[in-house]
Amino acid sequence: MKIPIPRETSFDCPEGEFKACLVEHAAVPDKQNPGRLMLRLLFEVDTPSTPFKCIKVARNFKPSLDRGSELKCFLETMLGPGFLDKRGAGGQLDINSLIGTEADIRVVHKHRTGYERPFVQLVEACPLGSLTGRNTHQLEACHI
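Residue numbers (our numbering): 89 to 232.
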């Protein structure tokens, strides 16, 4: 009998540029504005240095696609300018339709006083292979 060993899930993503897949979204409370909800996009990161762990990163957004909004800018960088044009103005974006989208992501660490581990920040997501023009697991180190 073979018993599968589950992969451990971790949010301790190393810094760098990686291939990732949008795997989940959720409504989460806005810590700065109680009573309001934020949209959390959750990516599973392909990190060859941790093959036995499921590494994830997440980023929260105000659920707005208004011109200049953080969410709209993030999605336009990931999916290309004008991705909303295909859906028609006045319509709605079904976030579920984005699940399974692969992208290159850039992750940086923010070191904070009083915390042992750094804050893992998802800085951007770009079309797959576009951060360095290669479709590899780990791309060049991030220099922001």
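All C-beta atoms in this analysis are idealised placements derived from N, C-alpha and C, irrespective of residue type, glycine included.
Residue i: beta carbon under 7 angstroms from a heavy atom of the ligand FMN?
i, result
"LEU167", "As far as ligands go, the structure on display features none, and thus does not contain the ligand FMN."
Rounded to whole angstroms, what's the CA-CA distance from residue i to residue j? Just pull it up for me.
i, j, result
"ALA146", "GLN180", "23 angstroms"
"ILE232", "ARG124", "At ILE232, the pLDDT of 28 sits below 50, so the modelled position is not reliable and the matter cannot be decided from this model."
"HIS113", "LYS160", "15 angstroms"
"GLU105", "THR165", "15 angstroms"
"ALA191", "LYS90", "34 angstroms"
"GLU103", "VAL208", "8 angstroms"
"VAL133", "PRO215", "14 angstroms"
Would you say residue i and residue j are within 8 angstroms of each other, going by their C-beta atoms?
i, j, result
"ARG194", "LEU219", "yes"
"ARG144", "PHE131", "In the sequence under discussion, the amino acid at residue 144 is Lys, which differs from the Arg named in the question. Yes, they are a contact pair."
"CYS101", "GLY188", "no"
"CYS142", "ARG205", "no"
"LEU153", "LEU172", "yes"
Since residue i and residue j are thought to touch, with beta carbons under 8 angstroms apart, how far apart are those beta carbons, to the nearest angstrom?
i, j, result
"MET126", "VAL111", "At roughly 18 angstroms, the Cβ-Cβ gap does not stay under 8 angstroms, so MET126 and VAL111 are not in contact."
For residue i, which residues does DSSP report across the bridge?
i, result
"HIS197", "VAL208"
Taking only runs that begin and end inside the segment 112-146, name each unbroken beta strand (DSSP E) of 3 or more residues, in chain order. Here the runs fully enclosed are 125-134.
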